[in-house]
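Please read the structure below before turning to the comments.
Rendered as structure tokens:
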């Protein structure tokens, strides 16, 4: 009976892959829970957007974010840092590529800018939809290398969510 292809690569319970490939596979497997979590968050956010888009669009922005024109969008960007390199090396490359001078572009509002430990930086921007390509190009030209990026269209749901909470707790 012929062994399956998978069994050809397994010897005594250990993979027979070359060390570099084995490390790559181990890193990929280790990243699966984080990817699954991010995927679930994105799917839930999308579902909320579809079910309550009308309510969310009519509520005014909360906090210290200034109201913007109707064509404004919120964009959340995950800047995932290269954990295989030291931070000072990453910062030097960002400086050399002009990241600190170019990002954020003038006229683009930074709504929030957080460090997410183990991930990198998470930045939410408010900008006119017509400037989306410009923001994307600034990030591509100046942040790629030290960072891998992920983009998520976002909207402010705080007023709606808090109103629903207040309504539920007042009954």
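Numbering (UniProt numbering), first residue to last: 1 to 171. In this text, a Cβ means the ideal position worked out from N, Cα and C, and glycines have one as well.
Buried versus exposed, by CB contacts within 10 Å (16 or more), residue i
| i | result |
| --- | --- |
| residue 118 | exposed |
| residue 151 | exposed |
| residue 7 | Caution is warranted here: a pLDDT of 47 is assigned to residue 7, below 50, making its placement in the model unreliable, and no coordinate value can be reported. |
| residue 142 | buried |
| residue 99 | buried |
| residue 55 | Residue confidence for residue 55 is low, a pLDDT of 44 falling below 50, so the modelled location carries little weight and cannot support an answer. |
Supposed close pair residue i, residue j - CB separation, criterion 8 Å
| i | j | result |
| --- | --- | --- |
| residue 74 | residue 147 | Their Cβ separation, rounded to whole angstroms, is 20 Å, which puts residue 74 and residue 147 out of contact at 8 Å. |
| residue 120 | residue 78 | 7 Å |
| residue 71 | residue 112 | The pair is not a contact, with the Cβ atoms about 21 Å apart (cut-off 8 Å). |
| residue 105 | residue 138 | 6 Å |
| residue 76 | residue 135 | Wrong, their Cβ atoms sit about 12 Å apart, outside the cutoff. |
DSSP beta-bridge partners of residue i
| i | result |
| --- | --- |
| residue 150 | 78 |
Check: For the 8 Å Cβ check, are there 3 or more pairs between the region 94-110 and the region 154-163?
Finding: no
Notebook entry, point to check: Fully enclosed by the region 63-137, which alpha helix (DSSP H) runs are 4 residues long or longer?
Noted result: 87-97, 99-102
Check: Are the region 162-171 and the region 122-134 touching by the rule of at least three beta carbon pairs closer than 8 Å?
Finding: no
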